[in-house]
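Sequences listed follow chains A and B, in order. For the record, in the first sequence the residue sitting at position 280 is 280 according to the working numbering, with numbers rising by one throughout. Every position in the second sequence, counted from 1, becomes a number in the working numbering once 1000 is added. Ideal Cβ positions, reconstructed from N, Cα and C, are used throughout, including at glycine. To start, the structure under review is shown below, and the notes come after it.
Number of protein chains: 2
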Amino acid sequence: MAEKQKIYKPKAISGFPEWLPEERIAEQRWFDHIRKTFESYGFCSIETPSVEEIDVLLAKGEVDKEIYVLERLHKDEESDKESRLALHFDQTVPFARYTAQHFNDLVFPFKRYQMQRVWRGERPQMGRMREFYQCDIDVINVDNLPLSFDAEIASMIYETLEGLNIGRVQLRISNRKILLGLIESMGVTDPVPVTRAVDKLEKIGEEEVQNILIEEGLNADQASQVLALSKIKGGADDIRAIKAENDKMQDGIDELAFVLDNLAHLPTQAAIADLTIVRGLDYYTGTVYETQLLDIPEYEGSVCSGGRYDDLAGQYINKHLPGVGISIGFSRLFDVIRQTHPDKLGIGPKSPAHLLLYTEDKDKAALATKTAQTLRGRGFNVEVYHTVKKWDKHFKYAKSKMIPTICYPEDEQTAKFKDMATGEETIQNISDWNQS
Amino acid sequence: MAEKQKIYKPKAISGFPEWLPEERIAEQRWFDHIRKTFESYGFCSIETPSVEEIDVLLAKGEVDKEIYVLERLHKDEESDKESRLALHFDQTVPFARYTAQHFNDLVFPFKRYQMQRVWRGERPQMGRMREFYQCDIDVINVDNLPLSFDAEIASMIYETLEGLNIGRVQLRISNRKILLGLIESMGVTDPVPVTRAVDKLEKIGEEEVQNILIEEGLNADQASQVLALSKIKGGADDIRAIKAENDKMQDGIDELAFVLDNLAHLPTQAAIADLTIVRGLDYYTGTVYETQLLDIPEYEGSVCSGGRYDDLAGQYINKHLPGVGISIGFSRLFDVIRQTHPDKLGIGPKSPAHLLLYTEDKDKAALATKTAQTLRGRGFNVEVYHTVKKWDKHFKYAKSKMIPTICYPEDEQTAKFKDMATGEETIQNISDWNQS
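Given below as structure tokens:
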């Protein structure tokens, strides 16, 4: 039995953001746009459960992400017999597991998008999000996947981000084979320290990178050569001008030039080659992408990253599944724009209603219902104001929710429409009314 | 460091459903319809985090739902200082907490819908879902909320379920004040055992209920009177014909008749009074709803339930917030239809694409991109088939994904369109083409 009720004053949980209705409306607009763009390229949606078995999450070895494990509050003997479940920390591992599990029911090339929450058990004091949305797209195929997809994915992402109206978007593309080929040609066996050093070029500067490369065993000439290569930025011709030291390097050059050629339909500077891009993960084997928002300096780093990989799901299935994909860190991007450029979100209305329907006369309830239904049938969102109080109360309500029009039904055919912006009132046929 | 890779064959996790792409497309269609209907009544979306502090979840006292608590896999000293977090088991508690926390930023009446996953740590062998979507709508106001909303919520739910094309929908509505008033008039102090017995009427039958009522201290006449009342079904006039024993009972009669009167625009039998409906929860204080799918006998029980409550968030804020709301158990409904009436879901296409664009000629890649962009700009979803292989391969691909049309671009203006259903091929202007 509950004791006499105490008030438990709730507060925000650090790392688990939530939005007010007017912010949520803006967030929905973003999601709708992203989904529409993804589907316009024929990508289908999938959703996986929020959890995976811990063994699935750790199948590739320890992960560096903090994982949230689930425990039943009231454990019993049965609980101990079950597999341990944990919230997924990204959408790649669940996608790989999904593909392996449903392999025989899928048609390849399999093009999917996924827009779900992921969880990371970060320390709250680091100010990072512990629950956030990611929007991922990937194409995978059995045995081989045409390079044209590497360009298509870039094109989709450009169109997606460009349509959010957050200023200029720049995709920076490289191909790991170029740098890896050069490193191989120098007789270096472990390329990882070299690629890591290049990855830091923008952050720590040339001199520091040169020092690291020499520490890692390169001679001064070699280090300079790596640096010179990494600094290359430009178009397909700039890439073709690179002198290849071996076949791998030539492959990388050809592939990157091909991808850029296939992005010729995008505006100038929308997609450029940038050989500093290597991505930390060894997972990627060819094309790699990062994305910069040139007009949002407050967003540090890449808003959307990904690349080409040799094999998606080798830990779950004995099939060779190469693919290419990219991921938008949705919630962080939305939150940065929300905090620094709220004007770009069009935040305002606290209701999806196009119309507030009001009648002073209690006997007109049936008329109000009928008018509302007619207008809904015509595609308008109609809120009926049921509280009959002082005359101006519904007016204040429409204003505070930013509902653009008030409708006062007169009879089954006609109503008075008041435009809240101009104050203008007109009597119109209900079946003629259109939002101004 | 990862050891040599072992294959970990993944399997479904009991209670955590996931769908194939073609099922997911059907699920999205349902979600879109539900959202559209909710918004057409001016309800706004909110989302809360997946977790709440355990103290928030338990603020009303122990809950009978099984709760999943989160634990960080790599706990540290900091972990112990944090509040314990748990996945929410419904959307009512988070909605109450949200309303209290953001009270000053909300405009009342606050009309919100919420379509999120909830989690229940059920034993897996019970075959219940442990992760599922709920679609909730509620209206709340400060101090008092007009009864018209009780009818509006019923109307919305009818329209929502009716639009899913799963046969006849019947809302069964009652008002708890009627039965509670009668019980009070009999001098019974604790009404709970009586309402519980009535709640079981359809399941255990009249005789058994009569026995329970007598065990609970009613005399035979009183038990018969309770039974006779509970068996009343019908329209507003049948309710008005009930003889009230006290003011409470009369209030219930008037309210229920009012709600039914305000649902006169619905088809006959779409909304009926049914006094067996009492809902288990004492939370509800007036109107209560259940919903039956008359053509889906495989769905046992009510697909959508709710009612009127006196106070939403008394445990979190010192404001009186009466409301009315209802909840669709989305995933269970979808799964029952999927398993028993898959035809009603229109499952088929494995891609959202309207068109598969194909060119045999590698040199036409730029033309393909341009044609695809033109068609996308016209609102069509276009998948480009990048794999240039044997001629008929792309044809089989379109067939297996059920993409209805193949487009073979000829030049920037024209293309050949092949209708996959009829086999008909026509050369058309790209800017004229419309899906047949």
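- For the set A:Q222, A:M249, A:I232, A:N381, the Cα lying nearest the Cα of A:E202 is the one of A:I232.
- With respect to B:R1072, A:E66 sits close: the two C-beta atoms are nearer than 7 angstroms.
- Inclusion of A:L256 and A:N175 in the CB contact set at 7 angstroms is warranted, their separation being smaller than that value.
- For B:P1409, the secondary structure class from DSSP, reduced to helix, strand or coil, is strand.
- Chain order gives the chain A residues near B:D1055 as Y8, where near means a beta carbon separation below 7 angstroms.
- Using a C-beta cut-off of 8 angstroms, the region 1005-1020 of chain B makes no contact with the region 392-403 of chain A, since fewer than three inter-stretch Cβ pairs fall below that distance.
- Look at A:K418 here: in three-state DSSP terms it is strand.
- Between the beta-carbon of A:V303 and that of A:G329 there is about 7 angstroms, and that keeps the pair under the 8 angstroms contact cut.
- Listed in chain order, the non-local C-beta contacts of B:L1161 below 6 angstroms within the same chain comprise V1169, local neighbours out to five positions each way being set aside.
- Per the Cβ contact rule, the region 1017-1035 of chain B is in contact with the region 42-52 of chain A (3 or more Cβ pairs under 8 angstroms).
- Contact annotation: the region 1127-1141 of chain B touches the region 1083-1100 of chain B, with at least three C-beta pairs closer than 8 angstroms.
- Among the residues of chain A, those whose CB is under 7 angstroms from the CB of B:D1105 are L20, following chain order.
- Here B:L1294 is exposed, its C-beta having fewer than 16 other C-beta atoms within 10 Å.
- Here DSSP, grouped into helix, strand and coil, assigns A:R338 to helix.
- Residue range 1220-1230 is occupied by the alpha helix (DSSP H) that includes B:L1227.
- In the pairwise beta carbon analysis, the region 226-242 of chain A is classified as not touching the region 109-126 of chain A: fewer than three pairs are separated by under 8 angstroms.
- A contact between stretches requires three or more CB pairs, one per stretch, nearer than 8 angstroms, and the region 255-273 of chain A fails this requirement with the region 182-191 of chain A.
- In the three-state reduction of the DSSP assignment, B:Y1283 falls in the coil class, being assigned neither a helical nor a strand state.
- Between the alpha carbons of B:K1060 and B:Q1315 lies a distance of about 7 angstroms.
- Membership of B:M1249 in the alpha helix (DSSP H) is indicated by the continuous run 1247-1261.
- Secondary structure of A:G379 (DSSP, three-state): coil.
- S1040, Y1041, G1042, F1043, C1044, S1045, I1046, E1047, T1048, P1049, S1050, V1051, E1052: these are the residues of the region 1040-1052 of chain B whose beta carbon lies less than 9 angstroms from some beta carbon of chain A, given in chain order.
- A:E383 is positioned such that its CB atom lies closer than 7 angstroms to that of A:A353.
- For B:N1381, the nearest beta carbon of chain A is closer than 7 angstroms to its own beta carbon.
- Under the three-state reduction of DSSP, A:E39 is assigned to helix.
- Setting aside the 5 residues that flank it on each side, B:I1253 is surrounded in the same chain by I1178, I1239, R1240, I1242, A1244, each with a C-beta closer than 7 angstroms to its C-beta; the list follows chain order.
- If the five residues before and after B:E1424 are omitted, its C-beta is found closer than 8 angstroms to the C-beta atoms of K1418, all from its own chain and listed in chain order.
- When the five nearest sequence neighbours on each side are left out, the beta carbons in the same chain lying within less than 7 angstroms of the beta carbon of B:E1298 are those of V1336, T1340, in order along the chain.
- Residues of chain A with a Cβ closer than 9 angstroms to the Cβ of B:E1131 are, in chain order, P49, S50, V51.
- Here DSSP, grouped into helix, strand and coil, assigns B:Q1315 to coil.
- By DSSP's assignment, B:Y1289 forms a beta bridge with B:I1173, B:G1306.
- The beta carbon of B:H1265 sits closer than 7 angstroms to some beta carbon of chain A.
- When DSSP states are grouped into helix, strand and coil, A:A365 belongs to the helix group.
- Interface with chain A (7 angstroms Cβ-Cβ cutoff): B:G1121 is included.
- Residue pairing from DSSP places B:K1233 in a beta bridge opposite B:D1274.
- Taken through DSSP and simplified to helix, strand or coil, A:L164 comes out as coil.
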